[in-house]
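S.K.: For reference, the structure I am asking about is given below.
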Amino acid sequence: MADMFSMEGILTPEQLDIREAVQKICADFDDAYWLARDNDGKFPHDFGDALAAGGWLGVTMPEEYGGSNLGITEAAVLAMTVGEAGAAAAISTTIHAVFGPNPVLRFGTEEQRKRILPRIISREDKPCFGVTEPDAGLDTTRIRTFARKEGDTYIVNGKKIWTSTAQIATKIMLLARTTPIEETKRPIDGLSIFFTDVNRDHMEIREIAKMGRKAVDSNQVFFDNMPVPAADLIGEEGRGFYQLLHSLNPERILVAAGAIGIARTALAKAVQYAKDRVVFDRPIGKNQAIQHPLAECWAELEAATLMTFKAAELYDKDLPCGPMANAAKYLAAEAAFKTCTQAVMTHGGMGYAKEFHVERLLREATILRIGPVTPPLMLSHIAEKVLGLPKSY
4 MADMFSMEGI LTPEQLDIRE AVQKICADFD DAYWLARDND GKFPHDFGDA
54 LAAGGWLGVT MPEEYGGSNL GITEAAVLAM TVGEAGAAAA ISTTIHAVFG
104 PNPVLRFGTE EQRKRILPRI ISREDKPCFG VTEPDAGLDT TRIRTFARKE
154 GDTYIVNGKK IWTSTAQIAT KIMLLARTTP IEETKRPIDG LSIFFTDVNR
204 DHMEIREIAK MGRKAVDSNQ VFFDNMPVPA ADLIGEEGRG FYQLLHSLNP
254 ERILVAAGAI GIARTALAKA VQYAKDRVVF DRPIGKNQAI QHPLAECWAE
304 LEAATLMTFK AAELYDKDLP CGPMANAAKY LAAEAAFKTC TQAVMTHGGM
354 GYAKEFHVER LLREATILRI GPVTPPLMLS HIAEKVLGLP KSY
């Protein structure tokens, strides 16, 4: 697979060293491990602990909080390498730990940064993220979870959906309204971010049975008069939406990198199967009907890789990167879905069997196509911001 997906000329020697170091950690968690997690649904704590022990969960965080003070490019190398290792279920968890606490870093007080960040980097605390709501979807301004201030405490009521890892989390990054939408100048005003304890006395957490990522729980969460200390408010009250925006482009870049990693593994498995499988006295890889779709997938993955690392470079240079980040996520997720589908088809009937792993990779790639933002909305962003077309939503 190394020859098929060389990163020479794309990554610096230091970034290639990061890739090699992460590959060594991932080598202890093979296909059999991830198949077992797909079957039993157990959260891969040992894998997370291994990444934390290597210092990789703090790759973008400053050294004074236990991080490595590197960029989104290095975080993308991490996400892609984890994906390539077959650890598809762990990608979102890795991404959340690497960059999810960014609002704390950018907008929190020094006391909050010292209290929160080192414990996430070490996995002493495990965060989940409560943003999406069942009635709001991608229209984040319409969320209804409300935090009402009473003295030095906020009282939270409402509900969230697709909150990953809430079953095992100790902390939650929560977006809630602190001012009713009808009392704001703009819908994007009046939202606030809190980083607070998962208080199970005031939270009902219901796991959602789903198609893939069985080892990473997704949940509906219901808040019933949950008290949140005012000290857990991140940044200025009512500015939560603006704070959240700072995390969107990095999230798209890291999801793109993870999708590419998954697809690279699927393609490598398909190519090997095409070499090994003999039908009518010839390997099926000799047939152009097998060759051409796989070659097309390789070309599209290479293009998505270049776009992803271009977006990461722009972000790390503090240059505008919104359209590039959206394009990277769009291209990578579409290429991953297509590649994983083709990997299943290349295996024929055995592609449907769990023991060959490609059906799992297809299920895992599907969610990266859907979230955190859907393909039509990314295309709408590009149409408006790049092509100058009128806003459509």
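According to my numbering, the sequence shown holds residues 4 to 396 in order. Every residue, glycine too, gets a C-beta built ideally from N, C-alpha and C. In this text, all values refer to a predicted model and were calculated from it rather than measured experimentally.
For the beta strand (DSSP E) that G161 lies in, which residues bound it at each end?
M.R.: To locate residue 161, count along the sequence shown from 1; it is residue 158. It spans T156 to I164 - the beta strand (DSSP E) in which G161 sits, taken as one unbroken run.
S.K.: Using a threshold of 8 Å, state whether the C-beta atoms of M176 and F132 are closer than that.
M.R.: Here residue 176 corresponds to residue number 173 of the sequence shown, with the count starting at 1. Here residue 132 corresponds to residue number 129 of the sequence shown, with the count starting at 1. Yes, the pair counts as a contact, with Cβ atoms nearer than the cut-off.
S.K.: Would you mind sorting D31 into buried or exposed? The rule is 16 or more other CB atoms within 10 Å of its CB.
M.R.: As a working note, residue 31 is residue 28 in the sequence shown. Exposed.
S.K.: Nearest by alpha-carbon distance to G69: which of S125, L81, K27 and A92 is it?
M.R.: Within the sequence shown, numbered from 1, the residue matching residue 69 stands at position 66. Nearest of S125, L81, K27 and A92 to G69, Cα basis: S125.
S.K.: Below 8 Å CB to CB, which residues in the same chain sit around L380 once its five sequence neighbours on both sides are set aside?
M.R.: Here residue 380 is taken as the residue at index 377 of the sequence shown, counted from 1. So the list reads L141 and Y396, once near-sequence residues are dropped.
S.K.: Ignoring anything shorter than 4 residues or poking outside the segment 291-340, list the alpha helix (DSSP H) runs there in chain order.
M.R.: Segments of the alpha helix (DSSP H) lying fully in the segment 291-340: 291-319.
S.K.: What does the alpha-carbon distance come out to for the pair V62 and A314?
M.R.: For this step, residue 62 is matched to residue 59 along the sequence shown. For this step, residue 314 is matched to residue 311 along the sequence shown. If you take the alpha carbons of V62 and A314, they lie about 18 Å apart.
S.K.: How close, in whole Å, do the beta carbons of G264 and G86 come, if the pair is a contact with beta carbons under 8 Å?
M.R.: For the purposes of this step, residue 264 is taken as residue 261 along the sequence shown, with counting starting at 1. For the purposes of this step, residue 86 is taken as residue 83 along the sequence shown, with counting starting at 1. Right, the Cβ-Cβ distance comes to about 2 Å (below 8 Å), so this counts as a contact.
S.K.: Considering only C-alpha positions, which residue in the set N42, R122, E337 and D220 is nearest to D200?
M.R.: One-based indexing of the sequence shown puts residue 200 at position 197. Considering only alpha carbons, the answer is R122.
S.K.: Rounded to the nearest angstrom, what separates F312 and I13 at their Cα positions?
M.R.: Counted from its first residue, the sequence shown places residue 312 at position 309. Counted from its first residue, the sequence shown places residue 13 at position 10. One C-alpha to the other measures close to 8 Å.
S.K.: Quick check on DSSP: helix, strand or coil for G391?
M.R.: Position 388 of the sequence shown, counted from the start, is the residue given in the question as residue 391. Looking at G391 - three-state DSSP - the assignment turns out to be coil, as it is neither helix nor strand.
S.K.: Within the segment 213-275, note down every full beta strand (DSSP E) run reaching 3 residues or more, in order along the chain.
M.R.: Entirely contained in the segment 213-275, the beta strand (DSSP E) runs reaching 3 residues are, in chain order, 222-232.
S.K.: Measure the CB-CB distance between I237 and P106 and report whether it falls below 8 Å.
M.R.: Your numbering for residue 237 matches position 234 in the sequence shown. Your numbering for residue 106 matches position 103 in the sequence shown. Contact flag set, yes.
S.K.: By alpha-carbon positions, which one of T76, C29, G103 and P104 ends up nearest to A3?
M.R.: Residue 3 is absent from the structure shown; the chain starts at 4 and stops at 396.
S.K.: Between the beta-carbon of E337 and the beta-carbon of G215, is there less than 8 Å?
M.R.: The sequence position of residue 337 within the sequence shown is 334, counting from 1. The sequence position of residue 215 within the sequence shown is 212, counting from 1. No, the Cβ-Cβ distance between E337 and G215 is not below 8 Å.
S.K.: State yes or no: is the C-beta of H249 nearer than 7 Å to some heavy atom of the ligand ATP?
M.R.: This structure lacks the ligand ATP; in fact it carries no ligand of any kind.
S.K.: Around the Cβ of S221, are there at least 16 other Cβ atoms within 10 angstroms (buried) or fewer (exposed)?
M.R.: Position 218 of the sequence shown holds residue 221. By the neighbour-count rule (16 or more Cβ atoms within 10 Å), S221 is buried.
S.K.: Verify whether the separation of the beta carbon atoms of A233 and T181 is less than 8 Å.
M.R.: On the sequence shown, position 230 is the one that residue 233 refers to. On the sequence shown, position 178 is the one that residue 181 refers to. Not closer than 8 Å, so no.
S.K.: Whose C-beta lies closer than 6 Å to the C-beta of Q246 among residues of the same chain, with five residues either side of it excluded?
M.R.: Looking up residue 246 in the sequence shown gives position 243. Answer for Q246: P106, F110, I196 and G238, listed in chain order.
S.K.: Please classify K129: is it buried, with 16 or more other beta-carbons within 10 angstroms of its beta-carbon, or exposed?
M.R.: The sequence position of residue 129 within the sequence shown is 126, counting from 1. Burial call: buried.
S.K.: By Cβ distance, which residues of its chain are closer than 7 Å to A412, with the 5 residues on each side in sequence left out?
M.R.: Given a span of 4 to 396 for the chain in the structure shown, any question on residue 412 remains unanswerable.
S.K.: Going straight from the alpha carbon of L322 to that of K289, what length do you get?
M.R.: Numbered from 1 along the sequence shown, position 319 holds the residue referred to as residue 322. Numbered from 1 along the sequence shown, position 286 holds the residue referred to as residue 289. Between L322 and K289, the C-alpha separation is close to 46 Å.
S.K.: Taking the straight line between their C-alpha atoms, what separation do you get for K217 and G241?
M.R.: Counted from its first residue, the sequence shown places residue 217 at position 214. Counted from its first residue, the sequence shown places residue 241 at position 238. Going by the C-alpha atoms only, they are around 35 Å apart.
S.K.: Could you please give the first and the last residue of the uninterrupted beta strand (DSSP E) stretch that includes K152?
M.R.: To locate residue 152, count along the sequence shown from 1; it is residue 149. Its beta strand (DSSP E) spans residues F149 to E153.
S.K.: Specify the secondary structure class of R126 as computed by DSSP and reduced to three states.
M.R.: Residue mapping note: residue 126 aligns to position 123 of the sequence shown, counting from 1. Looking at R126 - three-state DSSP - the assignment turns out to be coil, as it is neither helix nor strand.
S.K.: When you compare the CB positions of F46 and A90, do they come within less than 8 Å of one another, or not?
M.R.: On the sequence shown, residue 46 is found 43 positions in, with the first residue counted as 1. On the sequence shown, residue 90 is found 87 positions in, with the first residue counted as 1. No; because the gap between Cβ atoms is not below 8 Å, this pair is not in contact.
S.K.: Go to E210, then tell me how far its beta strand (DSSP E) extends in each direction, as first and last residue.
M.R.: Position 207 of the sequence shown holds residue 210. M206 to E210 is the span of the beta strand (DSSP E), which, as asked, contains E210.
S.K.: Compare the beta carbon distance of F149 and K174 with 8 Å and say whether it is the shorter of the two.
M.R.: Working through the sequence shown from its first residue, we reach residue 149 at position 146. Working through the sequence shown from its first residue, we reach residue 174 at position 171. For F149 and K174, no; Cβs fall outside 8 Å.
S.K.: When the Cα atoms are used, what is the spatial distance from A139 to T166?
M.R.: Taking the first residue of the sequence shown as 1, we reach residue 139 at position 136. Taking the first residue of the sequence shown as 1, we reach residue 166 at position 163. Straight-line Cα distance between these residues: approximately 14 Å.
S.K.: May I ask you to list the residues that DSSP assigns as paired with T199?
M.R.: As a working mapping, residue 199 is identified with position 196 in the sequence shown. Bridge partners of T199: I175.
S.K.: To the nearest angstrom, how far is it from the Cα of D319 to the Cα of T84?
M.R.: Locating residue 319 in the sequence shown gives position 316, counting from the first residue. Locating residue 84 in the sequence shown gives position 81, counting from the first residue. Taking the straight line from one Cα to the other gives about 19 Å.
S.K.: With 16 as the cutoff for other CB atoms within 10 Å, does G391 come out buried or exposed?
M.R.: Numbered from its first residue, the sequence shown carries residue 391 at position 388. Flag for G391 reads exposed.
S.K.: Please work out which residues of its chain come closer than 8 Å, Cβ to Cβ, to Y355, disregarding the five sequence neighbours upstream and downstream, and give them in chain order.
M.R.: Locating residue 355 in the sequence shown gives position 352, where the first residue counts as 1. So the list reads V347 and E362, once near-sequence residues are dropped.
S.K.: Please work out which residues of its chain come closer than 6 Å, Cβ to Cβ, to R151, disregarding the five sequence neighbours upstream and downstream, and give them in chain order.
M.R.: Counting from one through the sequence shown, the residue named residue 151 turns up at place 148. Around R151: I158.
S.K.: Compute the distance between the beta-carbons of Q170 and A273, then report whether it is under 8 Å.
M.R.: Here residue 170 refers to the residue found at position 167 of the sequence shown. Here residue 273 refers to the residue found at position 270 of the sequence shown. Contact flag unset, no.
S.K.: Considering just the uninterrupted stretch of the alpha helix (DSSP H) at H48, what are its terminal residues?
M.R.: In the sequence shown, the residue the question calls residue 48 occupies position 45. H48 to A56 is the span of the alpha helix (DSSP H), which, as asked, contains H48.
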